[in-house]
Each structure stands twice: as structure tokens, then as C-alpha cells.
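S.K.:
Numbering (our numbering), first residue to last: -2 to 401.
#1: Taking only three categories from DSSP, how would you classify residue 197?
#2: Could you tell me whether the segment 248 to 256 touches the segment 223 to 236, where touching means 3 or more Cβ pairs closer than 8 Å?
#3: Please report the straight-line C-alpha distance between residue 325 and residue 73, rounded to a whole angstrom.
#4: By Cβ distance, which residues of its chain are closer than 6 Å to residue 84, with the 5 residues on each side in sequence left out?
#5: Can you tell me where the alpha helix (DSSP H) holding residue 120 begins and where it ends?
#6: When DSSP builds the beta bridges, which residues end up paired with residue 29?
#7: Span of the beta strand (DSSP E) holding residue 134?
#8: Name the DSSP bridge partner or partners of residue 40?
#9: I believe residue 332 touches residue 347 by the beta-carbon criterion, under 8 Å. Please report the beta-carbon distance rounded to the nearest angstrom.
#10: For residue 232, does the three-state DSSP call read helix, strand or coil?
#11: Beta-carbon within less than 8 Å of residue 174's beta-carbon, same chain only, minus the 5 sequence neighbours each way: which residues are those?
#12: Quick check on the burial criterion: 16 or more other C-beta atoms within 10 angstroms. Buried or exposed for residue 402?
#13: Say whether the segment 350 to 358 touches the segment 367 to 381, bearing in mind that this needs 3 or more beta-carbon pairs closer than 8 Å, one atom from each stretch.
#14: Taking the C-alpha atoms as reference points, what is the distance between residue 357 and residue 318?
#15: Applying the 10 Å Cβ sphere with the 16-neighbour rule, what's the burial state of residue 214?
#16: Can you tell me the Cα-Cα spacing of residue 187 and residue 166, whole angstroms?
#17: Output the residue ranges of the alpha helix (DSSP H) runs that lie fully inside the segment 328 to 389 and measure 4 residues or longer, sorted by chain position.
#18: Cβ of residue 97 within 7 Å of Cβ of residue 71?
#19: Please classify residue 270: does DSSP put it in a helix, a strand, or coil?
#20: Along the chain, where does the alpha helix (DSSP H) containing residue 93 start, and where does it finish?
#21: Thinking C-beta only, is residue 16 closer than 7 Å to residue -1?
#22: In or out: residue 276 buried (at least 16 other Cβ within 10 Å) or exposed?
#23: For residue 381, which residues in the same chain have their Cβ closer than 7 Å to its Cβ, ignoring the five residues on either side in sequence?
#24: Name the residue from 137, 124, 130 and 126 whose alpha carbon lies nearest to the alpha carbon of residue 105.
#25: With a Cβ-Cβ cutoff of 7 Å, do residue 316 and residue 401 count as a contact?
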């Protein structure tokens, strides 16, 4: 219900922190819930941002329960739980999912960038345990905590969280996670659940995608996509502040996305496992830039029937480009000035940033930009890549550059 968050996690895929400029109010959210229920939706997950930063969370839960939602989940960092809301949530059988980063206070707070957040998260989980409310714990792994998983699972078990209720996943290069410095240096392999799907036609072919078919993400400002990880503008179907839910559900673009199966993915259409594969198209898009790219978490080669060593790129290979509307000029001392032609604003940038912007006369990967710095300055490839990553990340955040 809000993009506001009490934490500032270095990898946040939602880039949460401040509220979005035009977040929906409580009446709009209630109308949205009513529309979703009228269209047959019965399972709801409230995320953010941090749901407990939304002042009307309890009212939303009450409305969901009163209107017939079958399951309600709340995803939280557990650091700002309100006991009255938690007690009510327990009465209506809300499922809680908690994000926690490490048994080490310094690692947890290096990720959240908020002092005291580790202790606050423990207090929140202890509240849930004291009230007898079951919850799961997700441990996103990035560069800071990539070696902490097993000890953090042990720590949570001692706290009272059953081992089967906690697990890890890899930080995605999405939102603030596009900064290569926050991503894990290597891939961690997790247990894979095998599921059988029954959304097939009579000939045995899947009618719809195995994961996001029928799902919707409604962002705090009303924009709608088919998945929480599908936040790229190319996935946005429209906004509930401008169109009704029934109009968005009838949109052909949404149905084309829902209908994508591994029969449409060139590298997967010959795979004998494709109809039972719990595929993630958003994940494939994040890493490959292609909706029909092969999911990099899959290590099976169908042509040979063999499993290869899983290998995600150590850093994302996505390209970056200039945001239209900025022009560059250099001064006599070598510094550069960027002009925002729309607002008239000026950005003073150093010679290195100027060189990077100039090199982006066409889209380039970070590795290409680092090579350009190596050729121009006497620096090591690792130093060049680190500098490029930092400059590009700040420029993307400022809206000067954008990821492809």
C-alpha cells in the first residue's frame, strides 16, 4: 500500500524509502480491493515498502477479511510492528513473511543502513513468536552477507523459527540492486522445489505460464504489472487511477504476458521438463533483457540431457544508455557540465563521469565503459570497473542514465 520504508536496504528491488508522489489513499485501496474480489481474486499479499509504515494497514486488513479474502499475507522487515495490528492479523489468520539479513548485527545494518534495525527485527520476530503467530523468514543474499546463510539459519532456529520456515535467495539486479557492488560475487545454490502444474490443454500443452498467470502487482501509485519482480516500465499495463480493473484485465498486453510459456522460449522449447518447470520470466528478463531469454538459474541443457555447472554472471551484463534530454559540454579545466534540456538544470560532473557520458553515444555494458577508462587512464581493470559502477549507479539514480 506504500513505498515508504523505515529501512534503506542497499539492494532493494522496489527502491523503497520515500512515498511515491501520488500514492493511493485508503478509499482508493478499498475500491481496488472490491474490484479485485469482484473479478475473482481471493489471495492477497501486502508488501511495500514496509506495510507497517502505512497508517491504515489495520483498516485494509479489516476490509479484506470482511469482504471475503481467502488468504492474506503481509511481507515485513518486522522492525516496526504494531502489536494491536499484529494481534488483529492473528485473529484473521494473516500469514507473515519476514525479511532478515544476518545473524551478525554489523552485516544486517550495513545492508539496511539503519542503526538499531537488527535489534528491532529481533524484537519484532520475538513478538510474533510470543503471540504464537507462524511466520516465514527470507534471507536475501548479496555481497555483504553471501557467506552468512547457514549460520543465520542456525541463529533463527535458536530464536524459535523452525528451520523449514526460513531460507535464502539471491539479490536481483533490480531497483537499487542494479548497483553491481551489492550483488553476490558468486552464485549460491538452493534447494529447488519440483511442482506439477495442471493448467494444460487436452493435448498436454500448457495454456498459461506456470507462475504469473492470473497474478497482478498493484503498486502504491496504482500502476499494475503481472509480477512484483516485473517493475520495468515495459511491463506496466496501466494505472488504476486512470482505468478500471476490468479494462486492465481485458488488455491484450496482459494476456500476452500471462500466456507466455517455455514453448515460446527458444532455448527451452525442446526441453522435456518444460511443462513442469516453475519458470520465472521476470527473472529471465532481469538478467538477459529479453522476455524470452532463458532463465539463468536453469542449468539443464535439453539437447544433451545434461546438467551443467550453474553459472550466473558475476556482475549483470545489462547495458546502460543516456536518458534523452541531456546534453554535455566540457570546460577548459576538463570538467563537464550536463544540461537538463527539459528543466534547465545543470549538473557539474568530473572528467571521469564526463568521459563515461560521452562514451554512451550508444548503449554499452559496464565492462565496455571500464575498458574505455583503462585506455584513457593508468588504472587497473578492477579499479576502473569499480569507478564505472559507482558513477553509473549514481547517474541512474539521478535520472541522467537508464538501464536497458
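Every residue, glycine too, gets a C-beta built ideally from N, C-alpha and C.
M.R.: So, from the data block:
#1: Caution applies to residue 197, whose pLDDT of 42 falls short of 50 and renders its modelled position unreliable; the model cannot decide the point.
#2: yes
#3: 43 Å
#4: none
#5: 114 to 127
#6: Per DSSP, none; premise fails for residue 29.
#7: 132 to 138
#8: 68
#9: 6 Å
#10: helix
#11: 8, 9, 10, 139, 168 and 180
#12: Past the edges of the chain, shown from -2 to 401, lies residue 402, and the structure says nothing about it.
#13: yes
#14: 6 Å
#15: buried
#16: Since pLDDT at residue 187 reaches only 39, below the 50 mark, its modelled position is unreliable, and no value is offered.
#17: 348 to 356 and 363 to 373
#18: no
#19: coil
#20: First-last for residue 93: 92 to 96, but that is the beta strand (DSSP E), not the alpha helix (DSSP H).
#21: yes
#22: buried
#23: 367, 370 and 371
#24: 137
#25: yes
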